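Here it is as structure tokens:
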């Protein structure tokens, strides 16, 4: 067991830490903004009037991406459904609208084929992961990204040995449903009240709260414009702010 210290707040007897990936472990702001624009562009090729509304819905704000917006927080499926809903406003039948949106997303995917290489670990994150691992914490990832993308990230940056398991948004239930948290805790062999969630979105904090976690730590270190987080127990701007102590050092 370890203690996590977050700006004077102590989370005692922690057996596991469950991370979000995008914006928490991985630097994705520029990449996700590019993907959002590409998706909007491909839909706008058939429906020009939808480009700006789509960009707003995805969370593109000029040169920035809203860290609390759909593209940053939502799963691929949630983004797809939202895009299809916009297409349907043009008088397109729902199934056809879904097909149009899916084709646009697939075209954007072909332009962004190397996500792992383009989204490196954020500064200080690898050191934090290594410290938690050395202290004996079980580590896992629950992300809105696809499971295959999580694995590619871990492989690319040689982080896989530190994590016991990972689950993406393509495997329901997804955040903020507490069942995904409870399932991961069960697979890790820890009680929910022995696990702390670390993430950059309200979906992370809400999942932790609903699942009876030991606590949730909100992080803003992945974004130029820090997100406003409403469901975390404490907030960190840098991985260096977290202190880790073991039971023996209390």
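Numbering (the numbering used here), first residue to last: -10 to 239.
We put the CB at the ideal spot given by N, CA and C, even for glycine.
Since the structure is predicted, the reported quantities are computational estimates derived from the model, not experimental observations.
CB of residue i within 8 Å of CB of residue j, strictly
i: residue 47; j: residue 29; result: yes
i: residue 16; j: residue 109; result: yes
i: residue 210; j: residue 56; result: no
i: residue 49; j: residue 26; result: yes
i: residue 198; j: residue 192; result: no
i: residue 124; j: residue 173; result: no
i: residue 21; j: residue 61; result: yes
i: residue 127; j: residue 169; result: no
i: residue 183; j: residue 3; result: yes
i: residue 139; j: residue 6; result: no
i: residue 225; j: residue -5; result: yes
i: residue 151; j: residue 114; result: no
Start-to-end residues for the alpha helix (DSSP H) that takes in residue i
i: residue 115; result: 114 to 123
i: residue 44; result: 40 to 47
i: residue 111; result: Segment: none, residue 111 is in no alpha helix (DSSP H) and carries neither H nor E.
Nonlocal neighbours in the same chain, by C-beta distance under 6 Å from residue i, ignoring five residues either side
i: residue 215; result: 209
i: residue 89; result: 76
Burial state of residue i (16 or more Cβ within 10 Å)
i: residue 149; result: exposed
i: residue 155; result: buried
i: residue 147; result: exposed
i: residue 82; result: exposed
i: residue 78; result: exposed
i: residue 229; result: exposed
i: residue -3; result: exposed
Range covered by the beta strand (DSSP E) that runs through residue i
i: residue 129; result: 127 to 131
i: residue 15; result: Taken as a continuous stretch (DSSP letters only), residue 15 belongs to no beta strand (DSSP E), as it is neither H nor E.
i: residue 186; result: 184 to 188
i: residue 178; result: Neither: residue 178 is in no beta strand (DSSP E) and is coded neither H nor E.
i: residue 233; result: 231 to 235
i: residue 204; result: 204 to 208
7 Å CB neighbourhood of residue i in its chain, flanking five on each side removed
i: residue 238; result: For residue 238, the pLDDT reaches just 48, beneath the cut-off of 50, and the residue's location in the model is therefore unreliable, although a value from the coordinates is still provided. Within the same chain, residue 238 has no close Cβ partners at all.
i: residue 0; result: -8, -7, 185, 203 and 204
DSSP-derived helix/strand/coil call for residue i
i: residue -10; result: coil
i: residue 8; result: strand
i: residue 53; result: strand
i: residue 238; result: Residue confidence for residue 238 is low, a pLDDT of 48 falling below 50, so the modelled location carries little weight and cannot support an answer.
i: residue 213; result: coil
i: residue 154; result: strand
i: residue 0; result: strand
i: residue 218; result: coil
i: residue 167; result: helix
Same chain, Cβ closer than 8 Å to residue i, neighbours up to 5 away in sequence not counted
i: residue 235; result: -10, -9, -8, 124 and 125
i: residue 59; result: 46, 47, 48, 67, 68 and 71
i: residue 145; result: 105 and 106
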